[in-house]
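Visitor:
Chains as they are written, first to last, in the working numbering: chain A, 6 to 218; chain B, 10 to 219.
This is the structure:
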């Protein structure tokens with residue numbers, strides 16, 4: 006039995022992580038489900054954190070080290086789960102690398118090839134909000150903008166808010182292009198989390214249960 | 010790049026490290042400035058790889074990408090600037106060593122070539138080979154033992170965890186059936202309740218007979 010991969014994409018502050026968690030909780034009582042997050046391999050994650058702190062990464066090594074992180078999670082967790090029939094909910098998938106690496110000047114074609122061994126998700130939810138909306142949400146939550154959310158390595162001279170708007174704007178542009186090419190399910194993110202989750206569950210229900218019956 | 014990269018490629022024990030240092034000494038005598046780099050030697054990935062290698066030896070793609078990251082870090086932060094300044098760079102293991110390692114473990118050649126196309130091609134590459142007996146003798150001389158992981162014992166299994174486990178389980182269960190020819194085999198792939206009832210039944214029958 007082959008499993009499914011359900012991916013969530015969107016700019017920082019779009020609410021996709023909360024939506025992915027809600028979906029995983031909902032799936033838990035129905036199927037074997039597993040949630041995996043971007044940049045969370047237990048050993049590479051630490052290396053990336055240190056490297057970002059010390060500003061060691063170039064666009065190429067930024068790309069490669071995140072690909073290593075993904076490969077580690079893929080070989081150890083995602084692939085065995087997928088092959089044994091789990092529903093794998095992926096908070097960010099290789100589309101995040103497509104967007105973040107190409108914003109840093111790495112060739113999109115090369116990045117696509119880098120991840121070409123991994124299967125395309127059965128469905129990719131793109132929670133779409135503008136950088137302005139995402140920024141106002143971050144401000145409300147009072148947790149401050151992290152340097153990587155402001156693309157501090159790409160725009161070292163901008164203040165965090167300006168950097169956030171510019172960097173996330175560029176990421177959004179790529180997502181919009183990918184949405185069409187890759188057939189994302191685009192969800193208007195400027196609604197209540199509950200409304201968005203209902204859309205997601207309906208779609209996932211169709212995918213998992215209607216196809217099989 | 011204006012200067013040159015010279016790559017010495019080969020397995021552990023092929024004489025790579027030894028010849029890198031003697032070549033470096035020779036070129037320095039000739040008046041060249043020389044930097045050395047190589048597989049597993051980056052500031053970014055060197056230590057994490059050596060610490061983690063044993064745990065991820067069966068994750069070929071991860072290890073391959075970790076080494077590409079390792080090389081890219083050295084190329085971008087050390088080799089490129091030095092070579093631009095006129096130095097010669099000698100690699101103790103570069104892209105061909107990595108590719109041979111991947112091919113031996115079933116990684117796709119096209120994929121590896123594409124990923125490695127992000128790194129500069131060496132201006133001169135030397136592949137170092139020797140007889141297996143000689144290579145192993147060198148390793149024994151240096152380290153005292155043959156490391157099972159370096160011996161490529163990992164390539165006896167399948168490409169990834171799932172297939173390997175599947176093969177293992179099939180073999181194990183075939184053998185279990187064989188050794189239990191006179192016993193009873195219960196298929197637990199059915200629902201728990203059905204299996205539970207069947208086991209209760211089987212045990213009940215046999216207890217009474219006994």
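The C-beta atom is built at its ideal place from N, Cα and C for all residues, glycine as well.
The beta strand (DSSP E) with residue 98 (chain B) in it runs from where to where?
Guide: Per DSSP, residue 98 (chain B) belongs to the beta strand (DSSP E) from 97 to 101.
Visitor: Starting from the C-beta of residue 52 (chain A), find all residues in its chain whose C-beta is less than 6 Å away, skip the five residues before and the five after it, and write them out in chain order.
Guide: Excluding sequence neighbours, residue 52 (chain A) sits near nothing in its chain.
Visitor: When the Cβ atoms of the stretch 130 to 147 of chain B are set against those of the stretch 125 to 143 of chain A, are three or more pairs found closer than 8 Å?
Guide: Output reads no: the stretch 125 to 143 of chain A does not touch the stretch 130 to 147 of chain B.
Visitor: In whole angstroms, what is the alpha-carbon distance linking residue 150 (chain B) and residue 22 (chain B)?
Guide: Taking the straight line joining both Cα atoms gives about 10 Å.
Visitor: Looking only at its own chain, which residues have a Cβ that is under 6 Å from the Cβ of residue 69 (chain B), when we skip the five neighbours before and after it?
Guide: Excluding residues within five positions, the ones whose Cβ falls inside 6 Å are 114, 116.
Visitor: Beta carbon of residue 16 (chain B), beta carbon of residue 131 (chain B): below 8 Å?
Guide: Yes. Within cutoff.
Visitor: Could you check which residue in A:191, A:57, A:208, A:75 has the C-alpha nearest to that of residue 101 (chain A)?
Guide: The candidate whose alpha carbon is nearest that of residue 101 (chain A) is A:75.
Visitor: Between the stretch 69 to 85 of chain B and the stretch 40 to 59 of chain B, do at least 3 Cβ pairs fall closer than 8 Å?
Guide: Segments in contact, yes.
Visitor: List the residues of chain A that residue 186 (chain B) touches, going by C-beta distances under 8 Å, in chain order.
Guide: Here the premise fails: no neighbours, minimum Cβ distance about 22 Å.
Visitor: Against chain A, which members of the stretch 103 to 133 of chain B pass a CB distance test of less than 8 Å?
Guide: The residues in question are 117, 120, 123, 124, 126, 127.
Visitor: For a minimum of 3 consecutive residues, which ranges assigned as the beta strand (DSSP E) are wholly contained in the stretch 19 to 106 of chain A?
Guide: Counting only runs of 3 or more, we get 38 to 42, 92 to 96.
Visitor: For the beta strand (DSSP E) that residue 12 (chain A) lies in, which residues bound it at each end?
Guide: Counting along the chain, the beta strand (DSSP E) containing residue 12 (chain A) begins and ends at 9 to 14.
Visitor: Would you check if the distance between the CB atom of residue 112 (chain A) and the CB atom of residue 179 (chain A) is smaller than 8 Å?
Guide: Going by C-beta atoms, residue 112 (chain A) is not nearer than 8 Å to residue 179 (chain A).
Visitor: What residues in its chain sit with their C-beta under 7 Å from that of residue 158 (chain B), if we drop five residues either side in the sequence?
Guide: Cβ neighbours of residue 158 (chain B) beyond the five flanking positions: 63, 66.
Visitor: Would you mind working out which of A:176, A:80, A:46 sits nearest residue 135 (chain A), comparing C-alpha positions?
Guide: The residue with the shortest Cα to Cα distance from residue 135 (chain A) is A:176.
Visitor: Residues in the stretch 87 to 118 of chain A with C-beta within 7 Å of chain B's C-beta atoms, listed in sequence order?
Guide: Residues 88, 115, 118.
Visitor: Can you check DSSP and say which residues form a bridge with residue 134 (chain B)?
Guide: B:16, per the DSSP bridge assignment.
Visitor: Quick check: is the beta carbon of residue 191 (chain B) nearer than 8 Å to any beta carbon in chain A?
Guide: Taking Cβ atoms only, chain A never reaches closer than 8 Å to residue 191 (chain B), which makes this a no.
Visitor: Compare the C-beta of residue 66 (chain A) with all C-beta atoms of chain C and state if any pair is closer than 8 Å.
Guide: In the structure shown, chain C cannot be found, because the protein chains are A and B.
Visitor: Evaluate residue 39 (chain B) with the Cβ neighbour count: other Cβ atoms within 10 Å of its Cβ, from every protein chain shown; 16 or more gives buried, anything less gives exposed.
Guide: Per the 10 Å Cβ criterion, exposed.
Visitor: Quick one: what does DSSP say residue 218 (chain A) is sitting in, helix, strand or coil?
Guide: A caution first: residue 218 (chain A) carries a pLDDT of 48, below 50, which makes its placement in the model too unreliable to give a value.
Visitor: Compute the minimum distance between the beta carbon of residue 142 (chain A) and the heavy atoms of the ligand GTP, and state whether it is under 7 Å.
Guide: Ligands are entirely absent from the displayed structure, and the ligand GTP is therefore not among its contents.
Visitor: Does any CB atom of chain A fall closer than 8 Å to the CB of residue 65 (chain B)?
Guide: Yes, its Cβ sits closer than 8 Å to a Cβ of chain A.
Visitor: Distance, Cα to Cα, residue 112 (chain B) vs residue 54 (chain A)?
Guide: Near 31 Å, if we compare the C-alpha coordinates of residue 54 (chain A) and residue 112 (chain B).
Visitor: So residue 31 (chain A) and residue 207 (chain A) are supposed to be a Cβ contact under 8 Å. How far apart are they, rounded?
Guide: That pair is no contact at about 11 Å.
Visitor: Which of the three DSSP states, helix, strand or coil, is assigned to residue 174 (chain A)?
Guide: Helix at residue 174 (chain A).
Visitor: Name the chain B residues that come within less than 7 Å of residue 81 (chain A), Cβ to Cβ?
Guide: Here the neighbours are 68.
Visitor: Since residue 10 (chain A) contacts residue 87 (chain A) with CB under 8 Å, what's their CB separation in whole angstroms?
Guide: Residue 10 (chain A) to residue 87 (chain A), Cβ: 6 Å. Contact.
Visitor: Are any of the Cβ atoms in chain A nearer than 8 Å to that of residue 92 (chain B)?
Guide: So no, residue 92 (chain B) is outside the interface.
Visitor: Near residue 204 (chain A), which residues of its chain fall below 7 Å by C-beta distance, leaving aside the five closest residues on each side in sequence?
Guide: Hits under 7 Å: 192.
Visitor: Within its chain, find whatever has a CB closer than 7 Å to the CB of residue 212 (chain A); leave out the 5 residues flanking it on each side and keep chain order.
Guide: Result list for residue 212 (chain A): 9, 127, 128, in chain order.
Visitor: Cβ atoms of residue 96 (chain A) and residue 40 (chain A): under 8 Å apart, would you say?
Guide: In contact: residue 40 (chain A) and residue 96 (chain A) (Cβ atoms closer than 8 Å).
Visitor: Would you call the CB atoms of residue 207 (chain B) and residue 103 (chain B) closer than 8 Å?
Guide: It is not a contact, given that the beta carbons lie outside the stated cut-off.
Visitor: So with CB distances below 9 Å, who are the chain B contacts of residue 41 (chain A)?
Guide: Here the premise fails: no neighbours, minimum Cβ distance about 14 Å.
Visitor: In chain A, what lies closer than 7 Å to residue 9 (chain B) by C-beta?
Guide: Residue coverage of chain B in this structure runs from 10 to 219, which leaves residue 9 (chain B) outside it and unanswerable.
Visitor: For residue 47 (chain B), name the three-state secondary structure that DSSP assigns.
Guide: It is a strand residue.
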